[in-house]
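Quick mapping for you: the protein sequence lines, in order, are chains A and B. Residues 2 to 253 in the numbering used here are what the first sequence spells out, letter by letter. Residues 284 to 529 in the numbering used here are what the second sequence spells out, letter by letter. Each residue gets a CB set at the ideal place from its N, CA and C atoms; glycine is no exception. Predicted model only: the values in this text are computed from it and were never measured.
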Amino acid sequence: MDLALKIWRQAGPDTPGEFATYIVREVSEEASFLEMLDQLNEDLNNQGEEPIAFDHDCREGICGMCGVMINGDPHGPQSGTATCQLHMRKFKNGDTITVEPWRASAFPVIKDLVVDRSPFDRIIEAGGFISINTGAAPDANIISVPKEAADSAMNAAACIGCGACVAACPNSAANLFTAAKMQHLNLLPQGQPERWTRAVAMVETMEEYFGSCTNHGECEAACPKNISIDFIAWMNRDYVKAQFKNVAKASQ
Amino acid sequence: MTATKRSPVQTRSGWREWLGGFFTSSVGLKWIMAITGIGLLGYIAAHLFGNLKIFTGTDAAGNYYIDLYSEALWHLGGHLFPEGFLLTVLRVGLAAAFILHIWAAAVLTKRNRVARGSTRYRASRNWAASNYASRTMRFGGVIILLFLLYHLADLTFGWANPEFHHGDVFDNMIASLSRWPVAVLYMVANVALAFHIYHGTWSLFRSLGTANPRYDPFSRGFATVFAAAILVGNLSIPIAILAGWV
Ligand code: HEM
Ligand code: FES
Numbered sequence: 002m003d004l005a006l007k008i009w010r011q012a013g014p015d016t017p018g019e020f021a022t023y024i025v026r027e028v029s030e031e032a033s034f035l036e037m038l039d040q041l042n043e044d045l046n047n048q049g050e051e052p053i054a055f056d057h058d059c060r061e062g063i064c065g066m067c068g069v070m071i072n073g074d075p076h077g078p079q080s081g082t083a084t085c086q087l088h089m090r091k092f093k094n095g096d097t098i099t100v101e102p103w104r105a106s107a108f109p110v111i112k113d114l115v116v117d118r119s120p121f122d123r124i125i126e127a128g129g130f131i132s133i134n135t136g137a138a139p140d141a142n143i144i145s146v147p148k149e150a151a152d153s154a155m156n157a158a159a160c161i162g163c164g165a166c167v168a169a170c171p172n173s174a175a176n177l178f179t180a181a182k183m184q185h186l187n188l189l190p191q192g193q194p195e196r197w198t199r200a201v202a203m204v205e206t207m208e209e210y211f212g213s214c215t216n217h218g219e220c221e222a223a224c225p226k227n228i229s230i231d232f233i234a235w236m237n238r239d240y241v242k243a244q245f246k247n248v249a250k251a252s253q
Numbered sequence: 284m285t286a287t288k289r290s291p292v293q294t295r296s297g298w299r300e301w302l303g304g305f306f307t308s309s310v311g312l313k314w315i316m317a318i319t320g321i322g323l324l325g326y327i328a329a330h331l332f333g334n335l336k337i338f339t340g341t342d343a344a345g346n347y348y349i350d351l352y353s354e355a356l357w358h359l360g361g362h363l364f365p366e367g368f369l370l371t372v373l374r375v376g377l378a379a380a381f382i383l384h385i386w387a388a389a390v391l392t393k394r395n396r397v398a399r400g401s402t403r404y405r406a407s408r409n410w411a412a413s414n415y416a417s418r419t420m421r422f423g424g425v426i427i428l429l430f431l432l433y434h435l436a437d438l439t440f441g442w443a444n445p446e447f448h449h450g451d452v453f454d455n456m457i458a459s460l461s462r463w464p465v466a467v468l469y470m471v472a473n474v475a476l477a478f479h480i481y482h483g484t485w486s487l488f489r490s491l492g493t494a495n496p497r498y499d500p501f502s503r504g505f506a507t508v509f510a511a512a513i514l515v516g517n518l519s520i521p522i523a524i525l526a527g528w529v
């Protein structure tokens, strides 16, 4: 199929960007969206033009590096799918596809479609971990976990940190990312000792960079891992509870 | 925004710090919006319950029930309190809830503007999950506020109603709402209110953190039924007066 691509080009963080239109010919239906961009970049290279910068790594939907707005949808038209796993059979010959980077104050454009998502790292540093002594691997299943909690924690842990939730949110809130990263630990026994400090630290770090949730649900719809906004509610609950728990902890 | 990362030991340093951290955080402000929202929803329901007495006519002595209801509000608590005392307490509480609700909305809106910033999407984008109600909370809120000010001037204080007589609730309502531009204004404002509470009544469970997959259909259904009931009830009054049914 032949396609017209309207792609955001921006030389650097401080230069203004604009859309440029390119034609790509004979794109295979089996190509992934990123392979289609590779094809365009080869053409651009051959013509001596600057190829389009875009983030990617695993190309199998697990690293969270890829992610762009495709025709106004984060990660494109197919729900529950990262850009790298979106296939060109979702488009038709002759389509014009608009590709734009994630937009949020916290995610400045570095170049073309690449944005700086390091505020996510700050949130993880604030509490997205558990503190344990390393050493020999502990026995598996030595700590019992209720099945429901394990399933729920697994659903939250599916977050790949791509930033689609922020990109989709009218308020540029990172509540879905933060909630997923918080709740996959807070739901498990291993996460309990730091649960209440984690809740406060992660929420307050998040709020240094991102907007606040108005429960639109756009993030859930955009999430390539279909993570539920219920986790946001549970993060809110933990944040409120933490105000009391952190006071009472010393005497527990 | 607060950049402090508090350890539990620092958190114990006193209620001031506790108050500061929570009530300046966006999650905390949403919590305030939800709590005050519940208060406002309760008020809206009680207010409608009272107003529907316009349809119940007069008692044997020829007093309109809605006038008696208004008088009863002044005597809330019977002889336990001076006349108007509990009503004043309720009014002050209601005003406080309104002010906190709007204050939190303003602070959060400002933060969200900063977070979205100048970095809007240049191409059009699709909405996948949000709805008209959720996207017009701020705009609708401002409409409600402006209407509220008019409404107080019209039927509480009577400044906007030339034929206003304190205590004659029935006559005041008829005098005001039989002017069709006023009736239309009331209807438009109540549609805006219904959209606001349709999203708000669902959203508050999430802001408070009580949402759970098992209850979600319930909270959706509750929000829909509640908003619809308030809408139908509130619209029935200007419509009935305009049509001359009361
Ligand atoms: C009687 C009138 C009102 C009622 C019953 C009401 C009720 C509610 C409720 C229940 C919520 C949900 C809170 C949450 O998400 O946790 C809400 C949110 C909100 N309200 Fe109101 N409210 C009223 C008036 C106003 C006014 C006058 C304004 C502004 C001038 C306003 C602005 C907002 C905004 C901006 C939100 C946030 C929406 C969101 O975060 O999704 N409201 N309201
Ligand atoms: S490239 Fe790794 S998730 Fe898409």
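Out of B/L525, B/P521 and B/N473, which has the shortest C-alpha to C-alpha gap to B/A328?
-> As a working mapping, residue 328 of chain B is identified with position 45 in the second sequence. Checking every option, the nearest Cα to that of B/A328 belongs to B/N473.
Who are the Cβ neighbours of B/S417 in its own chain at under 6 Å, not counting the five residues just before and after it?
-> Along the second sequence, one-based indexing puts residue 417 of chain B at 134. Only H482 meet the Cβ criterion.
Using a Cβ cut-off of 7 Å, pull out every chain A residue sitting near B/V508, in sequence order please.
-> Here the question's residue 508 of chain B lines up with position 225 in the second sequence. Result: empty, since nearest Cβ-Cβ is about 19 Å, beyond 7 Å.
Can you find a C-beta in chain A that's less than 8 Å from the C-beta of B/F381?
-> As a first step, residue 381 of chain B is located in the second sequence; it is residue number 98 there, counting from the start. Not an interface residue.
Output yes if chain B places a C-beta closer than 8 Å to the C-beta of A/R196; else output no.
-> As a first step, residue 196 of chain A is located in the first sequence; it is residue number 195 there, counting from the start. It does not: the Cβ of A/R196 has no partner Cβ on chain B nearer than 8 Å.
Residue from A/N142, A/P194, A/R123 and A/I53 whose Cα sits closest to the Cα of A/Y210 | On the first sequence, residue 210 of chain A is found 209 positions in, with the first residue counted as 1. Closest by alpha carbon: A/R123.
Closest by CA to A/I93, which one among A/W197, A/D3, A/E195 and A/G192?
-> On the first sequence, residue 93 of chain A is found 92 positions in, with the first residue counted as 1. It should be pointed out that residue 93 of chain A corresponds to Lys in this sequence rather than to Ile. Ranking the options by Cα distance to A/K93, first place goes to A/D3.
Chain-order list of residues whose beta-carbon lies under 7 Å from that of A/G18 (same chain, five-residue window excluded) = Residue 18 of chain A sits at position 17 when you count from the first residue of the first sequence. For A/G18, where only same-chain residues beyond five positions count, the Cβ hits under 7 Å are W9, R10, Q11 and V110.
Name the chain B residues whose beta carbon is nearer than 9 Å to that of A/V241?
-> Taking the first sequence and counting its residues from 1, one reaches residue 241 of chain A at position 240. The answer, in chain order, is F305, V310, G311, W314, L491 and G492.
How long is the line joining the alpha carbons of B/I315 and B/A387, rounded to whole angstroms?
-> Translated into the one-based positions of the second sequence, residue 315 of chain B becomes position 32. Translated into the one-based positions of the second sequence, residue 387 of chain B becomes position 104. Roughly 7 Å between the two C-alpha positions.
Can you tell me which of B/I480, B/L359 and B/R396 puts its alpha carbon nearest to the alpha carbon of B/I427?
-> Here residue 427 of chain B corresponds to residue number 144 of the second sequence, with the count starting at 1. Here the closest residue by C-alpha is B/I480.
With a CB to CB cut of under 7 Å and the five nearest residues on each side skipped, what residues in its chain are close to B/F453?
-> Here residue 453 of chain B is taken as the residue at index 170 of the second sequence, counted from 1. Only I337, Y347, I349 and D350 meet the Cβ criterion.
For B/A475, is the beta carbon positioned less than 7 Å from some heavy atom of ligand 2?
-> Residue 475 of chain B sits at position 192 when you count from the first residue of the second sequence. Every heavy atom of ligand 2 is 7 Å or more from the Cβ of B/A475, so no.
Using the C-alpha atoms, what's the distance from B/H330 back to A/C224?
-> Working through the first sequence from its first residue, we reach residue 224 of chain A at position 223. Working through the second sequence from its first residue, we reach residue 330 of chain B at position 47. The straight-line gap from Cα to Cα measures roughly 42 Å.
For A/E221 and chain C, any beta-carbon pair shorter than 8 Å?
-> Among the protein chains in the structure shown, which are A and B, there is no chain C.
So does A/T84 have its beta carbon nearer than 7 Å to some heavy atom of ligand 4?
-> As for ligand 4, it is missing from this structure, which binds only ligand 1 and ligand 2.
Would you list, in chain order, the members of the region 163-179 of chain A that have their beta-carbon closer than 8 Å to a beta-carbon of chain B?
-> A169, P171, N172, S173 and A174
Buried or exposed: B/Y415, going by 16 or more other Cβ atoms within 10 Å of its Cβ?
-> Stepping through the second sequence from its first residue, residue 415 of chain B is reached at position 132. Exposed: under 16 other Cβ atoms inside 10 Å.
Cβ atoms of A/P102 and A/V116: under 8 Å apart, would you say?
-> Residue numbering aside, residue 116 of chain A sits at position 115 when the first sequence is read from its first letter. Residue numbering aside, residue 102 of chain A sits at position 101 when the first sequence is read from its first letter. For A/V116 and A/P102, yes; Cβs fall inside 8 Å.
Mind checking whether the beta-carbon of A/G162 lies closer than 7 Å to any heavy atom of ligand 2?
-> As a first step, residue 162 of chain A must be located in the first sequence, where it is residue number 161. Flag unset: Cβ of A/G162 not near ligand 2.
May I have the straight-line CA-CA distance separating A/A157 from B/F332, to the nearest angstrom?
-> The residue you call residue 157 of chain A lines up with position 156 of the first sequence. The residue you call residue 332 of chain B lines up with position 49 of the second sequence. Those two C-alpha atoms are separated by around 44 Å.
Output the residue ranges of the alpha helix (DSSP H) runs that lie fully inside the region 197-229 of chain A and measure 4 residues or longer, sorted by chain position.
-> 219-223
Below 8 Å between beta carbons: does that hold for B/T402 and A/S106?
-> Translated into positions along the second sequence, residue 402 of chain B becomes position 119. Translated into positions along the first sequence, residue 106 of chain A becomes position 105. It is a contact, given that the beta carbons lie within the stated cut-off.
Nearest to A/K242 by CA position, among A/F178, A/R199 and A/L177, is which residue?
-> The residue you call residue 242 of chain A lines up with position 241 of the first sequence. Checking every option, the nearest Cα to that of A/K242 belongs to A/R199.
How long is the line joining the alpha carbons of A/A174 and A/A168, rounded to whole angstroms?
-> Here residue 174 of chain A refers to the residue found at position 173 when the first sequence is read from its first residue. Here residue 168 of chain A refers to the residue found at position 167 when the first sequence is read from its first residue. Answer to the nearest angstrom: the Cα atoms are 9 Å apart.
With hydrogens ignored, establish whether the beta-carbon of A/M66 is closer than 7 Å to any heavy atom of ligand 2.
-> Sequence index remark: in the first sequence, residue 66 of chain A carries index 65 (1-based). Yes - ligand 2 has a heavy atom lying nearer than 7 Å to the Cβ of A/M66.
So what does DSSP say about B/V529, is it helix, strand or coil?
-> If you number the second sequence from 1, residue 529 of chain B lands on position 246. Of the three classes helix, strand and coil, the one that applies to B/V529 here is coil, per DSSP.
Fully enclosed by the region 108-162 of chain A, which alpha helix (DSSP H) runs are 4 residues long or longer?
-> 119-128 and 148-158
A/C214 at chain B interface by Cβ criterion, 8 Å | As a working note, residue 214 of chain A is residue 213 in the first sequence. With 8 Å as the cut-off, A/C214 counts as an interface residue toward chain B.
A/G128 to A/M203, Cα distance in whole Å?
-> In the first sequence, counting from the first residue as 1, residue 128 of chain A sits at position 127. In the first sequence, counting from the first residue as 1, residue 203 of chain A sits at position 202. The straight-line gap from Cα to Cα measures roughly 6 Å.
Using the rule of at least 16 other Cβ atoms within 10 Å of the residue's Cβ for burial, across every protein chain shown, is A/G162 buried or exposed?
-> Translated into the one-based positions of the first sequence, residue 162 of chain A becomes position 161. Buried is the call here.
Specify, as a first and last residue, the run of the beta strand (DSSP E) that A/I98 falls within.
-> The count along the first sequence starts at 1 and reaches residue 98 of chain A at position 97. T97 to E101 is the span of the beta strand (DSSP E), which, as asked, contains A/I98.
Residues that B/L391 contacts on chain A, provided the C-beta gap is smaller than 7 Å | Taking the first residue of the second sequence as position 1, residue 391 of chain B is located at position 108. Near B/L391 (Cβ distances below 7 Å), the residues of chain A are S213.
Segment contact, 8 Å Cβ cut-off, at least three pairs: the region 511-525 of chain B with the region 451-465 of chain B | yes
Where the beta strand (DSSP E) through A/K7 begins and ends | Numbered from 1 along the first sequence, position 6 holds the residue referred to as residue 7 of chain A. Residues L4 to R10.
Other residues of its chain near A/S229: CB distance less than 8 Å, five sequence neighbours each side excluded = Residue numbering aside, residue 229 of chain A sits at position 228 when the first sequence is read from its first letter. Here the set comprises N156 and E221.
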